[in-house]
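What follows is one structure encoded as structure tokens, with my remarks underneath.
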Amino acid sequence: MKFAAIFVLFANAFSAGMMFLASVFISRYGGKDLFGFFSVILGLIISAAPIVTFGMETAIVRFLPKYREEGQKQLVSGMQRFVLLFAAILSVIGGGVLATVLISLRNYSFEIGFAAGICLPLSVILTVLQAAIRADANVSRAVVGEAVVRPLVFAVCLLSLYFVIYGELSLLSIVGAYAVSLAAAMFATLVLVFQGRHINWLGAFHPRMSDVRLWLQLGLNVLFSQLSIALLNQSPVILAGVLLSAFDAGELGAVIRLSMLVAFALTAVNSVVSPFLSKAMSKEDKWELQSLVTRATGFSLLVAVPVCGGFFIFAPELLSLFGDDYAAAVPYLRLMLLAYAAQAACGPSVALLNMTGIHRAMTKIVTAWTIITIAGLVIGMSQIGMMGGIVVAAISVAGYPVILAVLCHKTLGVDPTVFSLRFLLQRH
């Protein structure tokens, strides 16, 4: 697991770095308004993806280790195919809805709506294929498409569009480049699925309705929790674009993108540790659960603390990369950095709750928190402006992980927070 964690960490660092550079490039050469529009559309795509996957990719990672342990070969051979078909159909419908919303309600051109709409099924299929690989505890291969191929192709497309083909950036060219990068990532992941035989395309598959209901029940709860978490991260940018201006959305997009780098190691750890948590839960090994989350928290903090400290000190210089107009956002960035540092200190509680069957309680908490956050953002931005929205966003990002960590301790007797590092000292 250590090698996988290190590889995933570096892959996610590469992805975050490339997407950061792409954001700087768009802001510098396309302007703050264009960067703001793209941030809003990207936020819509990211927020819509959990809806059309219906959380079923998590069901793959949760149940396949259990089915293997129980020797249910026909479920192991067919569950991934079922989820892939299910998610593909929903994602095509969802992509059409997203395109219609952008064209009809936001007055974007047909070409932009189509390019954004096609991003959704590409993103969803990529997510399900990754889950099929992760369920085999092959997490390092699972991230190659999304964390390496996607940002690399996106960067190459942007550079080619500006310096070779058009000599300028437009919203259509940026969204189109992102669609191409998702297609390349999906194809690369599909190749890895075939090479590793992670999906048995021809095996027998005769699920009972009770099996499908179990997957859908987990998927529904994961849907709401993933959508809620996506909205907690993306709604400040989306609402800034709606309630304030594209200029403000661009500024907030830069702040959120930089501050989220503090917690990117936690994101990597969540993807690595999930299948191992599922295996430990299937064996009812509480000590292994605590050991896994403690090491995961320590690993994520090893990255989060220096990143947060460095970004806090050099916040003016980092924001100046996006343009001279971003100087006023330094206090916003520092506040959000502290919020994401608090999130990292709470550990992989989301993965722990999803893999141990406490997902329903988590869903209720995160959904209610999201509703309160969105209401707070609307009031804060309407009454105070950008500072009001940033304060609400910071409280939101730091608050819900604390509640989930308490839930882990109360229901499982497992501490995922920074305080769990004491167990490492006790071992020695």
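Under my numbering, the letters of the sequence shown match residues 1176 to 1603, in that order. Here a beta-carbon is modelled for each residue, glycine too, at the ideal position from N, C-alpha and C.
| query | Considering only C-alpha positions, which residue in the set 1212, 1204, 1564 is nearest to residue 1342? | reply | For this step, residue 1342 is matched to residue 167 along the sequence shown. The shortest C-alpha separation from residue 1342 is found at 1204.
| query | Apart from the five residues just before and just after residue 1373, which ones in its own chain have a Cβ nearer than 6 Å to its Cβ? | reply | Here the question's residue 1373 lines up with position 198 in the sequence shown. 1307, 1308, 1311, listed in sequence order.
| field | Nonlocal neighbours in the same chain, by C-beta distance under 6 Å from residue 1328, ignoring five residues either side | value | By 1-based counting over the sequence shown, the position of residue 1328 is 153. Same-chain partners within the cutoff: 1356, 1359.
| message | Distance check for residue 1409 and residue 1598, CA to CA, integer angstroms please. | response | Here residue 1598 corresponds to residue number 423 of the sequence shown, with the count starting at 1. Here residue 1409 corresponds to residue number 234 of the sequence shown, with the count starting at 1. Roughly 35 Å between the two C-alpha positions.
| task | Report the three-state DSSP secondary structure of residue 1404 (helix, strand or coil). | result | Sequence index remark: in the sequence shown, residue 1404 carries index 229 (1-based). Collapsing the DSSP output to three states places residue 1404 in a helix.
| DSSP on residue 1636, reduced to helix/strand/coil? | Any property of residue 1636 remains undetermined from this structure, which presents the chain solely from 1176 to 1603.
| task | Please classify residue 1603: does DSSP put it in a helix, a strand, or coil? | result | Locating residue 1603 in the sequence shown gives position 428, counting from the first residue. For residue 1603, the predicted model reports a pLDDT of 45, less than 50, meaning its position is unreliable and no value from the coordinates is stated.
| message | Helix, strand or coil for residue 1203? Go by DSSP, reduced to three states. | response | By one-based count along the sequence shown, residue 1203 stands at place 28. The three-state secondary structure of residue 1203, taken from DSSP, is helix.
| Smallest Cα separation from residue 1193: which of 1436, 1521, 1577, 1485? | One-based indexing of the sequence shown puts residue 1193 at position 18. Looking at the Cα atoms, 1436 is the closest of the given residues.
| task | Buried or exposed for residue 1268, please, with buried defined as at least 16 other CB atoms from any protein chain shown within 10 angstroms of its CB. | result | By one-based count along the sequence shown, residue 1268 stands at place 93. Result: exposed.
| With 16 as the cutoff for other CB atoms within 10 Å, does residue 1411 come out buried or exposed? | Taking the first residue of the sequence shown as position 1, residue 1411 is located at position 236. By the neighbour-count rule (16 or more Cβ atoms within 10 Å), residue 1411 is buried.
| What are the boundary residues of the alpha helix (DSSP H) that includes residue 1471? | On the sequence shown, position 296 is the one that residue 1471 refers to. Start and end: 1461-1488.
| Rounded separation between residue 1283 and residue 1433 - CA only | If you number the sequence shown from 1, residue 1283 lands on position 108. If you number the sequence shown from 1, residue 1433 lands on position 258. Looking at the two C-alpha atoms, the distance is approximately 27 Å.
| query | For the alpha helix (DSSP H) that contains residue 1423, what are its first and last residues? | reply | Translated into the one-based positions of the sequence shown, residue 1423 becomes position 248. In the DSSP annotation of this structure, the continuous segment of the alpha helix (DSSP H) that includes residue 1423 starts and ends at 1421-1434.
| Inter-residue Cα distance where the pair is residue 1603 and residue 1483 | Working through the sequence shown from its first residue, we reach residue 1603 at position 428. Working through the sequence shown from its first residue, we reach residue 1483 at position 308. No answer about residue 1603 holds up, because its pLDDT of 45 lies below 50 and its placement is not dependable.
| message | Can you tell me whether residue 1226 is helix, strand or coil according to DSSP? | response | Sequence index remark: in the sequence shown, residue 1226 carries index 51 (1-based). Shown here, residue 1226 sits in a helix according to DSSP, grouped into three states.
| said: Extract the residue ranges of the alpha helix (DSSP H) inside the stretch 1481-1562, only unbroken runs of 4 or more that lie entirely within it. | reply: Scanning the stretch 1481-1562 for uninterrupted alpha helix (DSSP H) segments of 4 residues or longer gives 1490-1495, 1505-1520, 1524-1530, 1534-1558, listed from N- to C-terminal end.
| Is the closest heavy atom of the ligand FMN to the C-beta of residue 1353 under 7 Å? | Looking for the ligand FMN in the displayed structure turns up nothing, as the structure carries no ligands at all.
| If residue 1291 and residue 1301 are in contact, beta carbons under 8 Å, what's the gap, nearest whole angstrom? | Taking the first residue of the sequence shown as position 1, residue 1291 is located at position 116. Taking the first residue of the sequence shown as position 1, residue 1301 is located at position 126. With a Cβ gap of about 16 Å, residue 1291 and residue 1301 do not count as contacting.
| said: Can you list, in chain order, the residues of its chain with a C-beta nearer than 7 Å to that of residue 1469? Leave out the 5 residues immediately preceding and following it. | reply: Sequence index remark: in the sequence shown, residue 1469 carries index 294 (1-based). Cβ neighbours of residue 1469 beyond the five flanking positions: 1595, 1596, 1598, 1599.
| message | Do residue 1553 and residue 1418 have their beta-carbon atoms positioned less than 8 Å apart in this structure? | response | Taking the sequence shown and counting its residues from 1, one reaches residue 1418 at position 243. Taking the sequence shown and counting its residues from 1, one reaches residue 1553 at position 378. Yes, the Cβ-Cβ distance between residue 1418 and residue 1553 is below 8 Å.
| request: Measure the C-alpha to C-alpha separation of residue 1534 and residue 1576 and round it to an integer number of angstroms. | output: By one-based count along the sequence shown, residue 1534 stands at place 359. By one-based count along the sequence shown, residue 1576 stands at place 401. Distance between the alpha carbons of residue 1534 and residue 1576: 14 Å.
| query | Is the beta carbon of residue 1529 sitting closer than 8 Å to the one on residue 1243? | reply | Within the sequence shown, residue 1529 is the residue found at index 354, counting from 1. Within the sequence shown, residue 1243 is the residue found at index 68, counting from 1. The Cβ atoms of residue 1529 and residue 1243 lie no closer than 8 Å to each other.
| field | Continuous alpha helix (DSSP H) stretch holding residue 1289: start and end | value | If you number the sequence shown from 1, residue 1289 lands on position 114. Taken as a continuous stretch (DSSP letters only), the alpha helix (DSSP H) holding residue 1289 covers 1285-1309.
| field | Backbone CA spacing between residue 1279 and residue 1287 [nearest angstrom] | value | Reading the sequence shown from its first residue, position 104 is the one you call residue 1279. Reading the sequence shown from its first residue, position 112 is the one you call residue 1287. Looking at the backbone, the Cα of residue 1279 and that of residue 1287 are separated by about 12 Å.
| query | Are the beta-carbon atoms of residue 1273 and residue 1413 separated by less than 8 Å? | reply | Walking along the sequence shown from the start, residue 1273 turns up at place 98. Walking along the sequence shown from the start, residue 1413 turns up at place 238. No.
| query | Would residue 1519 be called buried (16 or more neighbouring beta carbons within 10 Å of its own) or exposed? | reply | What you label residue 1519 is simply residue 344 of the sequence shown in a count that begins at 1. Flag for residue 1519 reads buried.
| said: Here's a check: name, in chain order, each residue in its chain whose Cβ is nearer than 7 Å to the Cβ of residue 1563, leaving out the five neighbours to either side. | reply: Here residue 1563 corresponds to residue number 388 of the sequence shown, with the count starting at 1. Sequence-distant Cβ neighbours of residue 1563 in its own chain, meaning closer than 7 Å and more than five residues away, are 1555, 1556.
| Would a C-beta distance cut-off of 8 Å place residue 1490 and residue 1516 closer than the cut-off? | As a working mapping, residue 1490 is identified with position 315 in the sequence shown. As a working mapping, residue 1516 is identified with position 341 in the sequence shown. Taking 8 Å as the Cβ cut-off, residue 1490 and residue 1516 do not qualify as a contacting pair.
| message | If I measure Cβ to Cβ from residue 1428 and keep anything under 6 Å in the same chain, skipping five residues before and after, which residues do I get? | response | Taking the first residue of the sequence shown as position 1, residue 1428 is located at position 253. The answer, listed in chain order, is 1214, 1412.
| field | Proximity of residue 1438 and residue 1523 at Cβ, strictly below 8 Å | value | For the purposes of this step, residue 1438 is taken as the residue at position 263 of the sequence shown. For the purposes of this step, residue 1523 is taken as the residue at position 348 of the sequence shown. Not closer than 8 Å, so no.
| query | When the Cβ atoms of the stretch 1222-1233 are set against those of the stretch 1395-1404, are three or more pairs found closer than 8 Å? | reply | The stretch 1395-1404 and the stretch 1222-1233 touch, with three or more beta-carbon pairs separated by less than 8 Å.
| field | Supposed close pair residue 1364, residue 1320 - CB separation, criterion 8 Å | value | By 1-based counting over the sequence shown, the position of residue 1364 is 189. By 1-based counting over the sequence shown, the position of residue 1320 is 145. Their Cβ separation, rounded to whole angstroms, is 4 Å, which keeps residue 1364 and residue 1320 in contact under 8 Å.
| request: Hey, could you find the ends of the alpha helix (DSSP H) residue 1240 is sitting in? | output: Reading the sequence shown from its first residue, position 65 is the one you call residue 1240. Bounds of the alpha helix (DSSP H) holding residue 1240 are 1231-1245.
| Ordered along the chain, which non-local residues of its own chain (more than five positions away) have a Cβ less than 8 Å from that of residue 1210? | Here residue 1210 corresponds to residue number 35 of the sequence shown, with the count starting at 1. Only 1198, 1201, 1202, 1425, 1428, 1429, 1497 meet the Cβ criterion.
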